[in-house]
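Scroll down for the structure; my scribbles are underneath it.
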Amino acid sequence: MTPIVSVILTSYNKPHTIGKAIESVLLQTLNNWELFIMDDNSNEETVQNIRKYINKPRIHYFNSNIQDGDRYKTTRYATLINEAIPKTRGKYLTYLTDDNSFLPSRFETMVKELNQNSSIEIVYSQQLVKTINEYGIIEQEKVRKTYGVLKNPVGWVDHCSIMHTRNLAERIFEEFGSYWNDDQAYWYNGDAAFWSRLTKYKPFHPIPEILDIAIKDDKSFQRLYTHLPKSIPNGTLVRGPSTETYIIENQVRRKIFQEVFTKLKYDPSMVVKIPDPFLFKYKEGTPIDSQVFINFLLFPNQRLVKAQNHPAVFYLQNNHKHLIKNEKTFSDFNLRWDKIISTDEHLLAQLPDGLPIEELSESTPILPDGTLFKHENYYISLKNCLHPIEKQVAMKLKLPVTNPVKMDHSLLSKFKTGEPFEWEILF
-15 MTPIVSVILT SYNKPHTIGK AIESVLLQTL NNWELFIMDD NSNEETVQNI RKYINKPRIH
45 YFNSNIQDGD RYKTTRYATL INEAIPKTRG KYLTYLTDDN SFLPSRFETM VKELNQNSSI
105 EIVYSQQLVK TINEYGIIEQ EKVRKTYGVL KNPVGWVDHC SIMHTRNLAE RIFEEFGSYW
165 NDDQAYWYNG DAAFWSRLTK YKPFHPIPEI LDIAIKDDKS FQRLYTHLPK SIPNGTLVRG
225 PSTETYIIEN QVRRKIFQEV FTKLKYDPSM VVKIPDPFLF KYKEGTPIDS QVFINFLLFP
285 NQRLVKAQNH PAVFYLQNNH KHLIKNEKTF SDFNLRWDKI ISTDEHLLAQ LPDGLPIEEL
345 SESTPILPDG TLFKHENYYI SLKNCLHPIE KQVAMKLKLP VTNPVKMDHS LLSKFKTGEP
405 FEWEILF
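Here the sequence shown is numbered in our numbering, starting from -15 and rising by one per residue.
This is the structure we're talking about:
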């Protein structure tokens, strides 16, 4: 029997919620459906949980086998949906993610609405959104409501809350050459890009009741991606949901081994959590392990160091050591005495000398990398350039927005302005 509803479930590394998502399809009061589980090469725990269901009739499983270094190149969930749609047979198409679940009456309610009026080809419902913290405790619940017939649903409707006709999908493919736009520019709001295609033909019609539940935890893509700049500044500590901790240095990622994390005076609270695809787009560089205390040329930049039994303190940047001129310099740039790393003098001698870092004035020759400045707006110093940075981006990157280094216009104008760090989303 040809299914009425084809469900496309996209999955990536959500072992604790993927089962509930699948079960919510199995519990539908309308039984004439097929489910396509499109997994994006998840970890073994997730795959094992999926395998519990793939021997059931009407459930089809596909693994993309995507390599980590290629994830960022397209909006992966849109790519998976595009691969799934030609495999489906249903009269109606609907979507599910691995951290969402359907209420049992969802298919029956939506199909009834679509069948009653042939001019309606897209329906959407209300959605219950549960925000959960890292301890699994619900912090907030809210209802994403319906707002009547929508000709511009961007920002109002989640893609787990709609159902549309196959006919409409085929018309989109004929015009655009694909169903969803999976350009990497739409990682944050791929559904919005798809809505713009759908509404060229038909508006969204409301079903004013909750028919799906969304879980937003500390690993949810939207929470990790919000306010993340296209390029992450050197010196930023980062970690993906399924990765170790890295530092971005010379625009590669260097894994920091736990054994040296504390020795290098890094602070766990300063680690920025980001989505895996945006971590993996940085090539992996030389790891930061115990070897950095043997070969100082491997030592990470943006660290304060001094030789044992010697008072001189240096700031490392661009693989040079820069003498901190005096205590006022420390104060002017908000440097911290408790972050100084003591090492052997012969190791420190391996690094070439750079210009000294002097008190903040109009004659200051060099700025310490990674310092947040403010003159009306925020700036971050990198390679002696001042890069504009949005406040929300600076907060995302754990920069000290409440205690920046204040600078006047004359000092700001002395240094070259670099490319801005900003959060860009389309729609």
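Glycine residues also receive a C-beta, built at the ideal position from the N, C-alpha and C atoms.
For clarity, every value in this text was computed on a predicted model and none was experimentally measured.
Pick from the options that is closest to residue i, judged by C-alpha positions
| i | options | result |
| --- | --- | --- |
| I116 | Q110, A291, E125, S109 | E125 |
| I324 | I272, I308, H330 | I308 |
| H294 | D322, F264, E329 | E329 |
| T489 | S397, R155, N15, H0 | The requested residue 489 is not part of the displayed model; the chain covers only -15 to 411. |
| D322 | T227, V289, K4 | V289 |
| D82 | R181, T(-6), F314 | T(-6) |
| I2 | L195, E154, D54, I199 | I199 |
| G338 | Q301, S365, N361, M147 | Q301 |
| H359 | K375, N368, T348 | K375 |
Opposing strand residues paired with residue i [DSSP bridges]
| i | result |
| --- | --- |
| K114 | E125, I199 |
| H143 | Paired residue(s): none; H143 is not in a bridge. |
| V236 | E233 |
| I308 | I341 |
| K358 | Y362, K390 |
| H148 | L77, I106 |
| L370 | S365, T401 |
| V244 | For V244, which the question treats as bridged, DSSP gives no partner whatsoever. |
Residue span of the alpha helix (DSSP H) that contains residue i, given as start and end
| i | result |
| --- | --- |
| Y209 | 205 to 209 |
| H393 | 393 to 398 |
| K4 | 2 to 10 |
| Q301 | Taken as a continuous stretch (DSSP letters only), Q301 belongs to no alpha helix (DSSP H), being part of the beta strand (DSSP E) at 297 to 301. |
| F46 | Unbroken run through F46 is the beta strand (DSSP E), 43 to 47; no alpha helix (DSSP H). |
| P(-1) | Careful: P(-1) lies outside any alpha helix (DSSP H) and carries neither H nor E. |
| A291 | Element bounds for A291: not the alpha helix (DSSP H) but the beta strand (DSSP E), 288 to 291. |
| H330 | 329 to 332 |
| F317 | First-last for F317: undefined, no H or E at that position. |
| V377 | 375 to 380 |
Run of the beta strand (DSSP E) containing residue i, from where it starts to where it stops
| i | result |
| --- | --- |
| M22 | 17 to 23 |
| I232 | 229 to 233 |
| I(-8) | -11 to -5 |
| P271 | P271 -> no beta strand (DSSP E), and no H or E assigned at all. |
Simplified DSSP state of residue i, which is helix, strand or coil
| i | result |
| --- | --- |
| Y170 | helix |
| I278 | coil |
| S180 | helix |
| I38 | coil |
| D353 | coil |
| K323 | helix |
| V255 | coil |
| P187 | coil |
| E158 | helix |
| F405 | strand |
| P217 | coil |
| E193 | strand |
| L263 | helix |
Inset, instruction - Please specify which runs of the alpha helix (DSSP H), each continuous and at least 4 residues long, are wholly inside the region 51 to 118, giving them in chain order. - result: 60 to 68, 90 to 100
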